[in-house]
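If you read the protein sequences in the order shown, they are chains A and B. Read in order, the letters of the first sequence correspond to residues 1 to 510 in UniProt numbering. Read in order, the letters of the second sequence correspond to residues 1 to 510 in UniProt numbering. No residue lacks a Cβ here, since even glycine has one placed at the ideal position from N, Cα and C.
Number of protein chains: 2
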Amino acid sequence: MWYRTFRTLGYTICRPYATCATKAERFVKTIDPSTLPRGYLVSSTYAGIKNAIRPVTSTNEPSAATTNVPHPQEAPKPDVALIVSSVPAAIAGTFTTNVFKAAPVVHATTALKAAGPNARVRAILTNSGCANAVTGQQGLEDTQTLVNRVQALLSPRNQNAIPTYEQDARSSSTDVLMMSTGVIGVRLPVAHIQRCLEHLAAPSILQSHPDAWLEAARAYMTTDTFPKIRTRQFILGNRRCSIVGIDKGAGMIHPRMTRSGGQLHATLLGVFATDAPISSATLQRCLDEAVRVSFNCISVDGDMSTNDTILALANGQAPFVDLDCTDTPNEWTETEHPDMVNKFAEELKSLCIEMSHLIVRDGEGAEKFVQVHVRNAGTYEQAHAIASSISTSALVKCAMHGEDANWGRILCSAGYASLPASTPAWTLDPSKVNVTFLPPPHQPDDLAPLPTLVNGVPQAVNETQAKKLLSYEDIYVDVDLQGGSWGSQGRSEATYWTCDFSKEYITVRW
Amino acid sequence: MWYRTFRTLGYTICRPYATCATKAERFVKTIDPSTLPRGYLVSSTYAGIKNAIRPVTSTNEPSAATTNVPHPQEAPKPDVALIVSSVPAAIAGTFTTNVFKAAPVVHATTALKAAGPNARVRAILTNSGCANAVTGQQGLEDTQTLVNRVQALLSPRNQNAIPTYEQDARSSSTDVLMMSTGVIGVRLPVAHIQRCLEHLAAPSILQSHPDAWLEAARAYMTTDTFPKIRTRQFILGNRRCSIVGIDKGAGMIHPRMTRSGGQLHATLLGVFATDAPISSATLQRCLDEAVRVSFNCISVDGDMSTNDTILALANGQAPFVDLDCTDTPNEWTETEHPDMVNKFAEELKSLCIEMSHLIVRDGEGAEKFVQVHVRNAGTYEQAHAIASSISTSALVKCAMHGEDANWGRILCSAGYASLPASTPAWTLDPSKVNVTFLPPPHQPDDLAPLPTLVNGVPQAVNETQAKKLLSYEDIYVDVDLQGGSWGSQGRSEATYWTCDFSKEYITVRW
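Here it is in structure tokens:
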């Protein structure tokens, strides 16, 4: 089977990266079919989007159209995926705050707003290759055309519709959403995608098998070097609940057209589908919190996309553990089932963090995975701002690439962070700052933490230990502000994840 | 003479950079002695600071101490410079807003605050090689020790003091300031610097010759590839006024010790000395405005240093044009001499802009000089925030390096700029944005502007023209927001200057 052709090497976090296998070999894991959520079917195919679109140019080089055609004997990577819930699912979403929102983002946010707290969706259509961004009114119409077509195909009036579909009074016309990633400023090749939709929505094509999920994850990929998919399973009350997460990392979509005319674009897309019975409003709050400490805490190059979207679906199809007792309520809400919701929120958060790390690990040119933990700040927002400033500093990222325990650059970037206001005002106290490099968990060398700055005073550094610590692929930086101007009242912390800046990044991003 | 050994090639801005001479050959210009301000003397020498300091390590490699010793036949670059005014000069300063301010920054800001609006200085002592940052109370004491020593040497009670010195009742004990740049977290080698001071302050060593000024500019350099010095001369009323500016660009100070232990650091230092008669308070306002639109509008790598300092001195020694009419007031102030002050402010601003550009051109690994002009925003601060966001985007900087007219990345980075609030609120309107690449001034190819986005709609791009425009060393990006949500009321503009991101940057910053 395709997904088994990746060797799962049992990646050891503390092995020096230079000796490791490819990222695909290390980070693609076999999916246990029993951990996939119930009531979802997926399909994906190759629509030829990259070849269909041309950048807006006045000259067309003859070779441009054929550049991305794969070798005849090589199956092209799928670029369209459909995820269908057998019943209308509760839906939640978080979207880019970029002013220039792509058409699918505008469509989804408008649809969710119109649908209100009981919003339901039946399907998520995703394409890679074209972001449908900066495409104006035409872009919105293109998204709507495709969404309408999927809705019609999944409608119970369509005699070919998937048999498990159940009519639900709550479902509305907003029940298909779309996500796009790829080249911006170019119209979506609607005809190319449209002619795949009947195939994608056919009952014989929609599958619940791990192969189908992995292929869907591949359809999301742009310059990602591996498909990103993980599952979680847990017992909640009398239900065995599962979540599957797919995401894709920041990546250049048009590697052969990087010169003028090719509009490269990086986007974060993610979808989390669960069979837990959660209301839309509750799911939204769980997702907000999960994204706040996962996807909103990663950085590859500091550039926020026009298309960033994370969607979560909950269809309530989780099986009962004790079949004699099936009187679980239809949907859990925070007020009525706080324990269930809290446990679900923790599981979703944990999965979001794991999935966000995969994006950092697959960051363009990334050779290091760096965790920046800022402790004992005034507020979470202040700790987050400082961790973000450190994690996006080009100088820090170059130092990590060079395996240099450079506390000076860390301190400097912490010092110019733009701090959100708080009452009372909170400030960093230079004489209280500790910067320590921590050994990665489970490292075999039994290294001790390496303090480089204690109470604002530079420390004598054991060069041998520093060299060893920084040679790991995973670097853990601990910044303890000891409460700053609030003293013992300053106890907030935030964790950020970033990668290093390598020459490879410049090459990829030319 | 040393400064004439650089060929001044009459740099043509539109020549493709690949065919150009070195940056030193292109950007070091001969100084006309008659354009230097009156009443200033300078000296510089090699104190061996880089060799004197050792990073805080537990192991000392034998080779470390000798790494930076120059070839015996090669004169070492000076690393200490003294600029002395023959009379106490009005003083103004702008300093880094980084929380972790270096000792000389704390010393200077404290001294200027204590001295009040009539602050006067006699001398500026500058060293490169050691930033005296993150050195705590000891660092402050070290700065004070050196400042005290220079004061004693320049005191009229010292019989060797320079003969032109005139006692001034207004001068106070705060009349020597210091600037430092280099390695951080390491104590200043006070003894090494101190033993040079008598030499530096000796009347036979202090000079007003262009050679002496150029050597002082060299003393400021860290990884700068050329000394940065320019002059301005202009008639104000009955006075022929001059300004000389020296600055140094962001640079790694310890290229041989970039691995753990070496704490690399980038700093912007600048000094502007004029013989115009300007009061300290007025000089401060002129400097604030000049820095706001020059040094605060450049970016090399987006990292703000702990040592950034710009100082301005005005000693009132400008010669009279008409010697029969010498009744000019002692000092010009904004309220009493607005025309004089406005003209002076324009000259200072123009010089600051020129000097700030030299830093961008000498940016580490920089091969392109990029001007980002944002027009028709709500407020200056909003235009500045958008221009800054575009100029610090790694993706935009990579695109400029790759000579890619990538309006998508420009738009995207404009879209996530963190906008300062205004009343009423102002927002970007995606349907009004124009992005145009402009031909550099005086380019011989007579190229037309290249609109890539008009009213938010991507334009067909003439590939040949785009290729030509982007092949220039200087790239001009014009972003017209057409007033955004304020319509015709949105008329503010800001200009930012940045460089590209090259593989060379990663190499330098390892």
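Considering residue 374/A, what are the terminal residues of the beta strand (DSSP E) in which it resides? To locate residue 374/A, count along the first sequence from 1; it is residue 374. Annotation for residue 374/A: the continuous beta strand (DSSP E) segment containing it runs 369-377.
Against residue 492/B, what residues of chain A qualify as contacts under a CB-to-CB distance less than 7 Å, listed in chain order? Walking along the second sequence from the start, residue 492/B turns up at place 492. Scanning chain A for C-beta atoms nearer than 7 Å to the C-beta of residue 492/B yields nothing, as the closest lies near 17 Å away.
So with CB distances below 8 Å, who are the chain A contacts of residue 98/B? Within the second sequence, numbered from 1, the residue matching residue 98/B stands at position 98. Those are 412, 415, 416, listed as they occur along chain A.
Could you please tell me which residues of the segment 129-156 of chain B, in chain order, have their CB closer than 7 Å to any CB of chain A? Listed by position along the chain: 134, 136.
Exposed or buried, residue 323/A, counting other C-beta atoms within 10 Å across all chains shown (16 or more means buried)? For the purposes of this step, residue 323/A is identified with residue 323 of the first sequence, where counting begins at 1. Residue environment analysis places residue 323/A among the exposed positions, since fewer than 16 neighbouring C-beta atoms fall within 10 angstroms of its C-beta.
State the DSSP-derived secondary structure class of residue 167/A, mapped to helix, strand or coil. Locating residue 167/A in the first sequence gives position 167, counting from the first residue. Only weak support exists for where residue 167/A lies, its pLDDT of 43 falling under 50; the coordinates are left without a value.
Using only CA atoms, which one of 364/B, 480/B, 326/B lies nearest to residue 452/B? Here the question's residue 452/B lines up with position 452 in the second sequence. Here the closest residue by C-alpha is 480/B.
Contact list for residue 457/A against chain E, beta-carbon separation under 7 Å: No chain E appears in this structure, whose protein chains are A and B.
Counting only C-beta atoms, is residue 445/A closer than 7 Å to chain B at any point? To locate residue 445/A, count along the first sequence from 1; it is residue 445. At a cut-off of 7 Å, the C-beta of residue 445/A has no neighbouring C-beta in chain B.
How about residue 394/B: is its C-beta nearer than 7 Å to some C-beta of chain A? Position 394 of the second sequence, counted from the first residue, corresponds to residue 394/B. Output row for residue 394/B: interface = yes.
Quick one, which residues of the segment 292-324 of chain A are near chain B if we go by CB-CB under 8 Å, in chain order? Across the segment 292-324 of chain A, CB contacts with chain B closer than 8 Å involve 301, 302, 303, 304, 305, 306, in sequence order along the chain.
Return helix, strand or coil for residue 416/A, following the three-state DSSP convention. For this step, residue 416/A is matched to residue 416 along the first sequence. DSSP, reduced to helix, strand and coil, places residue 416/A outside both helices and strands of the structure shown, so it counts as coil.
Kindly indicate which three-state DSSP category residue 193/A falls into: helix, strand or coil? Numbered from 1 along the first sequence, position 193 holds the residue referred to as residue 193/A. Helix, per DSSP.
Are there 16 or more other CB atoms within 10 angstroms of the CB of residue 488/A, so buried, or fewer, so exposed? Along the first sequence, read from residue 1 onward, the residue named residue 488/A stands at position 488. That one is exposed.
Members of the segment 421-436 of chain B that neighbour chain A once the beta carbon cut-off is set at 9 Å: Of all residues in the segment 421-436 of chain B, the ones placed with a Cβ closer than 9 Å to any Cβ belonging to chain A are 427, 428, 429, 430, 431, 433, in chain order.
Could you name the residues of chain B that residue 184/A contacts, counting a contact when the two beta carbons are closer than 7 Å? Within the first sequence, residue 184/A is the residue found at index 184, counting from 1. 408, listed in chain order.
Residues within the segment 228-248 of chain A neighbouring chain B, beta-carbon criterion of under 8 Å: Correct list: empty, as no residue qualifies.
DSSP on residue 472/A, reduced to helix/strand/coil? Here the question's residue 472/A lines up with position 472 in the first sequence. Residue state, collapsed to three classes: coil.
C-beta atoms of residue 412/A and residue 306/B nearer than 7 Å: As a first step, residue 412/A is located in the first sequence; it is residue number 412 there, counting from the start. As a first step, residue 306/B is located in the second sequence; it is residue number 306 there, counting from the start. For residue 412/A and residue 306/B, yes; Cβs fall inside 7 Å.
Just to check my reading of the structure: residue 269/B and residue 181/B have Cβ atoms closer than 8 Å, yes? What is that Cβ distance to the nearest angstrom? For the purposes of this step, residue 269/B is taken as residue 269 along the second sequence, with counting starting at 1. For the purposes of this step, residue 181/B is taken as residue 181 along the second sequence, with counting starting at 1. Yes, they are in contact, since the Cβ atoms of residue 269/B and residue 181/B sit about 5 Å apart, within 8 Å.
Is the beta carbon of residue 482/B closer than 7 Å to that of residue 376/B? Here residue 376/B is taken as the residue at index 376 of the second sequence, counted from 1. Here residue 482/B is taken as the residue at index 482 of the second sequence, counted from 1. Cβ distance < 7 Å, so residue 376/B and residue 482/B count as in contact.
Quick one: residues in its chain with C-beta nearer than 7 Å to the C-beta of residue 368/B, no 5 flanking neighbours on either side, listed in chain order? Position 368 of the second sequence holds residue 368/B. Within the same chain, Cβ atoms closer than 7 Å to the Cβ of residue 368/B are found at 400, 401, 473, 475, 499, 500, the five residues on either side in sequence being excluded.
So, for residue 213/B: in the same chain, excluding its five sequence neighbours on each side, which residues have a beta-carbon less than 7 Å away from its beta-carbon? The count along the second sequence starts at 1 and reaches residue 213/B at position 213. Within the same chain, 31, 36, 42, 229, 244 come within 7 Å of residue 213/B by CB-CB distance, once the 5 residues on both sides are set aside.
Hey, how far is the Cα of residue 202/B from the Cα of residue 345/B? As a position in the second sequence, residue 202/B is number 202, starting the count at 1. As a position in the second sequence, residue 345/B is number 345, starting the count at 1. Computed Cα separation, rounded: 34 Å.
Does DSSP classify residue 248/A as helix, strand or coil? In the first sequence, residue 248/A corresponds to position 248, counting from 1. Looking at residue 248/A - three-state DSSP - the assignment turns out to be strand.
For a minimum of 4 consecutive residues, which ranges assigned as the alpha helix (DSSP H) are wholly contained in the segment 270-320 of chain A? Listed in chain order, the complete alpha helix (DSSP H) runs (minimum 4 residues) inside the segment 270-320 of chain A are 280-292.
At the level of alpha carbons, what is the spacing between residue 51/A and residue 175/A? One-based indexing of the first sequence puts residue 51/A at position 51. One-based indexing of the first sequence puts residue 175/A at position 175. Cα to Cα, the separation comes out at about 30 Å.
Which residues in the same chain have their Cβ closer than 6 Å to the Cβ of residue 395/B, if we skip the five residues on either side of it in sequence? Within the second sequence, the letter at position 395 stands for residue 395/B. Contacts found: 409.
Nearest to residue 292/A by CA position, among 189/A, 239/A, 388/A, 192/A, is which residue? Along the first sequence, one-based indexing puts residue 292/A at 292. Of the candidates 189/A, 239/A, 388/A, 192/A, the one whose C-alpha sits nearest the C-alpha of residue 292/A is 388/A.
Is the Cβ-Cβ distance between residue 85/A and residue 122/A less than 7 Å? Stepping through the first sequence from its first residue, residue 85/A is reached at position 85. Stepping through the first sequence from its first residue, residue 122/A is reached at position 122. Remark: C-beta atoms of residue 85/A and residue 122/A approach each other more closely than 7 Å.
Look at the Cβ atom of residue 486/A, then the Cβ atom of residue 378/A, and state whether they are nearer than 7 Å. In the first sequence, the residue the question calls residue 486/A occupies position 486. In the first sequence, the residue the question calls residue 378/A occupies position 378. The answer is yes: Cβ separation under 7 Å.
Where the alpha helix (DSSP H) through residue 360/B begins and ends: Position 360 of the second sequence, counted from the first residue, corresponds to residue 360/B. Run containing residue 360/B: 338-361, per the alpha helix (DSSP H) assignment.
Inter-residue spacing [alpha-carbon to alpha-carbon] between residue 504/A and residue 415/B: Numbered from 1 along the first sequence, position 504 holds the residue referred to as residue 504/A. Numbered from 1 along the second sequence, position 415 holds the residue referred to as residue 415/B. C-alpha separation (whole angstroms): 26 Å.
In DSSP terms, what residue 44/A is bridged to: Taking the first sequence and counting its residues from 1, one reaches residue 44/A at position 44. The partner list for residue 44/A (beta bridge, DSSP) reads 81/A.
Note down the Cα distance separating residue 178/A from residue 502/A, rounded to an integer number of angstroms. Position 178 of the first sequence, counted from the start, is the residue given in the question as residue 178/A. Position 502 of the first sequence, counted from the start, is the residue given in the question as residue 502/A. Looking at the two C-alpha atoms, the distance is approximately 34 Å.
Residue 220/B beta carbon less than 7 Å from that of residue 128/B: Against the second sequence, residue 128/B aligns to sequence position 128. Against the second sequence, residue 220/B aligns to sequence position 220. Going by C-beta atoms, residue 128/B is nearer than 7 Å to residue 220/B.
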